[in-house]
Amino acid sequence: METDPPAKRYRRDDNVDPTNPDPSIVVHVRNLSPKATEADLLEALSHFGPISYATCMPGKRMALVEFEEVEGARACVVYAQTNQIYVAGQAALFNYSTSKMIQRLGLESEHPNHVLILTIYNAQYPVTVDVIHQICEPHGFVKRIAMIRRTMLQALVEFESADVAKKAKHAMNGADIYSGCCTLKVEFAKPDHVKVTRNDQDQWDYTTNAPAGFFFILFFFRFAAL
Numbered sequence: 001m002e003t004d005p006p007a008k009r010y011r012r013d014d015n016v017d018p019t020n021p022d023p024s025i026v027v028h029v030r031n032l033s034p035k036a037t038e039a040d041l042l043e044a045l046s047h048f049g050p051i052s053y054a055t056c057m058p059g060k061r062m063a064l065v066e067f068e069e070v071e072g073a074r075a076c077v078v079y080a081q082t083n084q085i086y087v088a089g090q091a092a093l094f095n096y097s098t099s100k101m102i103q104r105l106g107l108e109s110e111h112p113n114h115v116l117i118l119t120i121y122n123a124q125y126p127v128t129v130d131v132i133h134q135i136c137e138p139h140g141f142v143k144r145i146a147m148i149r150r151t152m153l154q155a156l157v158e159f160e161s162a163d164v165a166k167k168a169k170h171a172m173n174g175a176d177i178y179s180g181c182c183t184l185k186v187e188f189a190k191p192d193h194v195k196v197t198r199n200d201q202d203q204w205d206y207t208t209n210a211p212a213g214f215f216f217i218l219f220f221f222r223f224a225a226l
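Here's what the structure looks like:
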């Protein structure tokens, strides 16, 4: 399941000259491949510094990338002045943006939180709470997970603390669950609690006694007994 993200609004400083913007944590990307995704941007740019957020504007072949620190944005822009940076197989153009921050929409938030929202692009294989738990649990105790299966495949993951969630975000953002597919875009979420009403393949409360695999084992034996 894959779809283009909704249009984003941007916080722009109207006193900045758009032809010669001051250094900013937000980088404006042009000449993108129409097929480029946020995951492609993360893969191409993460080595310049931790990235807080990225959003594509496919119809305009542009994107905005928000680094955590201005040093990361500066390293990207300076490198691009004398070198080509390829995003999804195509050389792109980079400069500082007049936007000082990318305004998040939906369930995403710019504020650190112990709840993350994972968006899964190019999901060629089934993704359940068990899969999400396996990739998140190495970074810290996972309290609850809830899958969201709407226009985009997403998961809300609640960790013990914001520090643990931040560590998990840095480790997983832009990574593939499976080689070449199921690419993760990981952001802080607006909710401070993940609501779970039952334990199944789409939601799970790991603070209860039943282990994650219990549901699937129980289902298998019930099915086999029919």
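Residue numbers (full-length UniProt numbering): 1 to 226.
Heads up, the beta-carbon is just placed ideally off N, CA and C, and yes, glycines get one too.
Since we're looking at a predicted model, the values are computed, not measured.
With a threshold of 16 other CB atoms inside 10 Å of the CB of N113, please say whether the residue is buried or exposed.
Here the question's residue 113 lines up with position 113 in the sequence shown. Classification of N113: buried, given that the 10 Å Cβ count is 16 or more.
Grab the span of the beta strand (DSSP E) containing A88 for me, first residue to last.
Within the sequence shown, the letter at position 88 stands for residue 88. It is not in any beta strand (DSSP E) - A88 carries neither H nor E in the DSSP assignment.
Looking at I102: is its Cβ nearer than 8 Å to the Cβ of A92?
If you number the sequence shown from 1, residue 102 lands on position 102. If you number the sequence shown from 1, residue 92 lands on position 92. No, these two residues do not count as a Cβ contact at 8 Å.
Could you check whether the segment 136 to 150 touches the segment 189 to 203, counting it as contact only if at least three pairs of C-beta atoms, one from each stretch, sit closer than 8 Å?
Verdict: yes, contact present.
Assuming contact is defined by CB atoms lying nearer than 8 Å, are S97 and V27 in contact in what I supplied?
One-based indexing of the sequence shown puts residue 97 at position 97. One-based indexing of the sequence shown puts residue 27 at position 27. It is a contact, given that the beta carbons lie within the stated cut-off.
Identify whether I25 lies in helix, strand or coil by the three-state DSSP scheme.
Position 25 of the sequence shown, counting from 1, holds the residue named residue 25. Reduced to three states, the DSSP call for I25 is coil.
Indicate the three-state DSSP secondary structure (helix, strand or coil) for M57 in the structure shown.
Translated into the one-based positions of the sequence shown, residue 57 becomes position 57. Three-state DSSP puts M57 in a strand.
According to DSSP, is D130 helix, strand or coil?
Locating residue 130 in the sequence shown gives position 130, where the first residue counts as 1. Three-state DSSP puts D130 in a helix.
Give the DSSP-derived three-state secondary structure of S161 in the structure shown.
Stepping through the sequence shown from its first residue, residue 161 is reached at position 161. Coil.
Report the option in K100, A44, S33, P126 whose CA atom is closest to the CA atom of Y178.
Residue 178 sits at position 178 when you count from the first residue of the sequence shown. Closest by alpha carbon: P126.
Measuring only the C-alpha atoms, how far is T208 from F67?
Residue numbering aside, residue 208 sits at position 208 when the sequence shown is read from its first letter. Residue numbering aside, residue 67 sits at position 67 when the sequence shown is read from its first letter. Going by the C-alpha atoms only, they are around 37 Å apart.
Could you tell me whether the Cβ atoms of H73 and I25 are closer together than 8 Å?
Counting from one through the sequence shown, the residue named residue 73 turns up at place 73. Counting from one through the sequence shown, the residue named residue 25 turns up at place 25. Reading off the sequence, residue 73 comes out as Ala, not His. Yes; because the gap between Cβ atoms is below 8 Å, this pair is in contact.
State buried or exposed for R104, treating a residue as buried only when at least 16 other CB atoms are found within 10 Å of its CB.
On the sequence shown, residue 104 is found 104 positions in, with the first residue counted as 1. So R104 ends up on the buried side.
Counting only runs that start and end within the segment 104 to 156, where is the beta strand (DSSP E) found for 3 or more residues in a row?
Whole beta strand (DSSP E) segments, 3+ residues: 115 to 121, 142 to 149.
Can the beta-carbon of Q124 be found closer than 8 Å to that of C182?
One-based indexing of the sequence shown puts residue 124 at position 124. One-based indexing of the sequence shown puts residue 182 at position 182. For Q124 and C182, yes; Cβs fall inside 8 Å.
Roughly how many whole angstroms lie between the Cα atoms of F215 and Y206?
For this step, residue 215 is matched to residue 215 along the sequence shown. For this step, residue 206 is matched to residue 206 along the sequence shown. Bear in mind that a pLDDT of 47 at F215, under 50, signals an unreliable position, so the number given afterwards is only what the model happens to contain. Those two C-alpha atoms are separated by around 12 Å.
In the DSSP output, what is V77 paired with across the bridge?
Translated into the one-based positions of the sequence shown, residue 77 becomes position 77. Answer is none; V77 lacks a bridge partner.
By the 10 Å Cβ neighbour count, where 16 or more other Cβ atoms means buried, how is D22 classified, buried or exposed?
On the sequence shown, residue 22 is found 22 positions in, with the first residue counted as 1. When all chains shown are included, D22 counts as exposed.
Is it right to say V115 is buried, meaning 16 or more other beta carbons lie within 10 angstroms of its own, or is it exposed?
Translated into the one-based positions of the sequence shown, residue 115 becomes position 115. Looking at its Cβ environment, which holds 16 or more other Cβ atoms inside 10 Å, V115 is buried.
If I'm right that E38 touches C56 with Cβ under 8 Å, what's the distance once you round it to whole angstroms?
Walking along the sequence shown from the start, residue 38 turns up at place 38. Walking along the sequence shown from the start, residue 56 turns up at place 56. Correct: roughly 6 Å between the Cβ atoms.
Between which two residues does the beta strand (DSSP E) harbouring A189 extend?
On the sequence shown, position 189 is the one that residue 189 refers to. Start and end: 181 to 189.
For E69, which of N83, K60, V77, S52 has the nearest alpha-carbon?
In the sequence shown, residue 69 corresponds to position 69, counting from 1. The shortest C-alpha separation from E69 is found at S52.
So for D176, helix, strand or coil by DSSP?
Locating residue 176 in the sequence shown gives position 176, where the first residue counts as 1. Reduced to three states, the DSSP call for D176 is strand.
State the start and end residues of the unbroken beta strand (DSSP E) segment that holds E66.
Locating residue 66 in the sequence shown gives position 66, counting from the first residue. First-last of the beta strand (DSSP E) with E66: 62 to 67.
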